[in-house]
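Working notes, beginning with the structure itself.
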């Protein structure tokens, strides 16, 4: 195989973007999966998409629009998730559909070519530039750093917020921090992965890791590995077969998830329990 | 009365338009074991949440361990208050082990940026031993039965080394054997650790028989407060649960009438 392609700047950017985006998204995904709030990612990524389109339409930086909109979504989702007394899914559904509605409204209002809009929807990792990569690097670095620094707080909050509160941890603050990080990750990954598909890169690697381990640290690690693998393998297929990169990345991450389900030791929980009971007698 | 460890004065709490506590006062001395009994919706849980600063007062005041409970000191306060709730459904696949769950109890005391050290793990292992869960220490928490999970919750509280122990229907939904075992354990630990314990339940059978004191609650108010043999009477139970005295006697023949 001809490896000279790796010497091109655009390919290097793409490989870096896949690596950094894979780590950032899959780390955020662990929160989303363990908090049992998968819809958070969906609602937020579509809000970011709508915000970016507003930016395209009115002529300011789409990333600023995306950031503001995803934080807006976080401000709506936060109190719902925090109170936890009603199922937040209904309200998240409304946030999601509003975001999608606004997105297509902005597309409709745009006077000129819509290819830039479609790029934000599908993502195109092969056209990310150096500044995108730098943004991704900063966000990935901050997220991983925060998880390492606050691992015990994170562990307590995703296990049970009430217990975290009861032992004296600022659980509400941590929850909002997680939402903020999710919004930031979605924003910086928008251009490479795309608003429609980014959610899969958040959910799938973490969901796959969830099938494979009972240790939260390992889950973060596995999720990051799966995230990066999805990005790189997806990028490879996208380049070889000239396919949209967002799509190949998402399909790859889904295949990894399916493999994890098939190989999951957690499906054998019941047998373990039976063995233990038998062993005690 | 000597300085109470918990002092609640004229507390009013409401959730939206519903009054959960309508002016409740309660003083608890250090070392007391107080059972709080009442039907569902009487405000028992709300009363507990005032003690660990999770509840929000509309009016009145709460003093715990000599300090008024305010928004700014409630995280500090909670580190000294252990809280065990009802059995909760835990995801079977939750990636956290029994030992790690017990360690959560120490996270508040440890504070930010500090990792659990050898001493912390030693304390965790000791408390697991006390509740008889050492043999399950490395299992995922989601694999345990309800009774086992409550033992782990109690171990988590003990690992916190609290001064006050709050239990909110800890035996609800457990079978009779698990229930009696948990009750005995709570009482034993209360004595060994010199705790001040508030034990909430709607189920008279789930009250440790050796409570020093019983508080009866109904409709957000304390309707009686005293020793168990004085208070657990046909008359009071009838008033508490809105059932005729005759029915109470039929169902609980060993409860004495106050007149007799």
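Residue numbers (our numbering), protein chains in the order written: chain U, 64 to 344; chain Z, 817 to 1076. Each residue gets a CB set at the ideal place from its N, CA and C atoms; glycine is no exception.
In three-state terms, what does DSSP make of residue 877 of chain Z? Three-state result, residue 877 of chain Z: strand.
Within this structure, are the beta carbons of residue 1052 of chain Z and residue 1032 of chain Z separated by less than 8 Å? Taking 8 Å as the Cβ cut-off, residue 1052 of chain Z and residue 1032 of chain Z qualify as a contacting pair.
Looking at the C-beta of residue 4 of chain U, does it have a partner C-beta in chain Z at a distance below 8 Å? Here chain U has residues from 64 to 344 only, and residue 4 of chain U is not among them.
Applying a beta-carbon distance threshold of less than 8 Å, which residues of chain Z neighbour residue 219 of chain U? Within 8 Å Cβ-Cβ: 920 and 923.
Is the segment 938-958 of chain Z touching the segment 859-872 of chain Z, taking contact as three or more C-beta pairs under 8 Å? In short, these stretches do not touch, since the Cβ pair count stays below three.
I think residue 234 of chain U touches residue 227 of chain U, with their Cβ atoms under 8 Å apart; what is that distance to the nearest whole Å? So it is a contact: roughly 4 Å between Cβ atoms.
When U:322, U:219 and U:261 are compared against residue 97 of chain U, the one with the closest alpha-carbon: It is U:219 whose Cα lies nearest to the Cα of residue 97 of chain U.
Going along chain Z in order, which residues have a C-beta closer than 7 Å to the C-beta of residue 52 of chain U? The question about residue 52 of chain U has no answer here: the residues shown for chain U are numbered 64 through 344.
Look up residue 1041 of chain Z in the DSSP assignment and give the residues it is bridged to. Residue 1041 of chain Z is bridged to Z:1031.
Contacts that residue 868 of chain Z makes with chain U (C-beta to C-beta distance below 7 Å): 229, listed in chain order.
In its own chain, which residues sit with a C-beta less than 8 Å from the C-beta of residue 909 of chain Z, not counting the 5 before and 5 after it? Counting only Cβ-Cβ distances below 8 Å, and skipping sequence neighbours, we find 956 and 958.
Please go through the same chain and pick out, in chain order, the residues whose beta-carbon is closer than 8 Å to the beta-carbon of residue 1076 of chain Z, but skip the five residues on each side of it. Here the model assigns residue 1076 of chain Z a pLDDT of 40, short of 50, so the residue's position is not dependable and the matter cannot be decided.
Can you give me, in chain order, the residues of the segment 270-282 of chain U that have a beta carbon less than 9 Å from any beta carbon in chain Z? Hits within the stretch, in order: 272, 273, 274, 276, 277, 278, 279, 280, 281 and 282.
So does the segment 966-985 of chain Z actually touch the segment 898-913 of chain Z, counting three or more Cβ pairs closer than 8 Å? As far as the Cβ criterion goes, the segment 966-985 of chain Z touches the segment 898-913 of chain Z, which means the pair count is three or higher.
Nearest-angstrom Cα distance between residue 1029 of chain Z and residue 1062 of chain Z? Inter-residue distance for residue 1029 of chain Z and residue 1062 of chain Z is about 26 Å (C-alpha atoms, whole angstroms).
With hydrogens ignored, establish whether the beta-carbon of residue 1036 of chain Z is closer than 7 Å to any heavy atom of the ligand PLP. With respect to the ligand PLP, the structure offers nothing, as it holds no ligand at all.
Which residues mark the beginning and the end of the alpha helix (DSSP H) in which residue 246 of chain U is found? Its alpha helix (DSSP H) spans residues 234-256.
Starting from residue 913 of chain Z, find everything on chain U with Cβ-Cβ shorter than 8 Å and list it in chain order. Here the neighbours are 277 and 278.
Using a threshold of 8 Å, state whether the C-beta atoms of residue 187 of chain U and residue 308 of chain U are closer than that. A contact, by the Cβ cut-off of 8 Å.
Starting from the C-beta of residue 180 of chain U, find all residues in its chain whose C-beta is less than 7 Å away, skip the five residues before and the five after it, and write them out in chain order. Taking residue 180 of chain U as the centre and dropping the five residues before and after it, the same chain places the C-beta of 116, 119, 170 and 173 closer than 7 Å to its C-beta, in chain order.
Check whether the Cβ of residue 233 of chain U lies closer than 8 Å to any Cβ atom in chain Z. For residue 233 of chain U, the answer is yes, since a Cβ of chain Z falls inside 8 Å of its Cβ.
Within-8 Å CB hit, residue 976 of chain Z to chain U: Among the residues facing chain U, residue 976 of chain Z is included, as its CB has a counterpart in that chain under 8 Å away.
Below 8 Å on the Cβ atoms is my contact criterion, and I expect residue 83 of chain U with residue 200 of chain U to pass it. Report the Cβ-Cβ distance as a whole number of Å. The C-beta separation of residue 83 of chain U from residue 200 of chain U comes to about 5 Å, placing the pair in contact by the 8 Å criterion.
Within 8 Å, strictly: CB atoms of residue 1012 of chain Z and residue 827 of chain Z: Not closer than 8 Å, so no.
Looking at C-beta atoms only, is the number of pairs between the segment 977-997 of chain Z and the segment 1016-1028 of chain Z that lie closer than 8 Å three or more? Flag = yes, the segment 977-997 of chain Z and the segment 1016-1028 of chain Z touch.
Looking only at C-alpha atoms, which of U:121, U:73, U:316 and U:66 sits nearest to residue 193 of chain U? Per the Cα distances, U:73.
Cβ of residue 165 of chain U less than 8 Å from any chain Z Cβ? Contact of residue 165 of chain U with chain Z is not assigned, every C-beta pair being separated by 8 Å or more.
Going residue by residue through the segment 120-154 of chain U, where are the continuous alpha helix (DSSP H) segments of at least 4 residues, counting only ones entirely within it? The segment 120-154 of chain U contains these whole alpha helix (DSSP H) runs: 125-146.
Where residue 246 of chain U and residue 91 of chain U are concerned, what is the direct C-alpha to C-alpha distance, given to the nearest angstrom? Here the alpha carbon of residue 246 of chain U sits roughly 10 Å from the alpha carbon of residue 91 of chain U.
For a test of the three-state rule: what should DSSP assign to residue 872 of chain Z, helix, strand or coil? Residue 872 of chain Z: coil per DSSP, three-state reduction.
Would you mind sorting residue 198 of chain U into buried or exposed? The rule is 16 or more other CB atoms within 10 Å of its CB. Flag for residue 198 of chain U reads buried.
Quick one, are the C-beta atoms of residue 129 of chain U and residue 111 of chain U less than 8 Å apart? Between residue 129 of chain U and residue 111 of chain U, the C-beta gap is smaller than 8 Å, which places the two residues in contact.
Anyone know if the C-beta pair for residue 195 of chain U and residue 113 of chain U falls short of 8 Å? Not closer than 8 Å, so no.
Determine whether the Cβ of residue 836 of chain Z lies closer than 8 Å to any Cβ atom of chain U. Contact of residue 836 of chain Z with chain U is not assigned, every C-beta pair being separated by 8 Å or more.
Determine the chain U residues that contact residue 892 of chain Z at a beta-carbon separation under 9 Å, and present them in chain order. Within chain U, the residues whose beta carbon sits less than 9 Å from that of residue 892 of chain Z are 231, listed in sequence order.
May I have the straight-line CA-CA distance separating residue 829 of chain Z from residue 836 of chain Z, to the nearest angstrom? One C-alpha to the other measures close to 5 Å.
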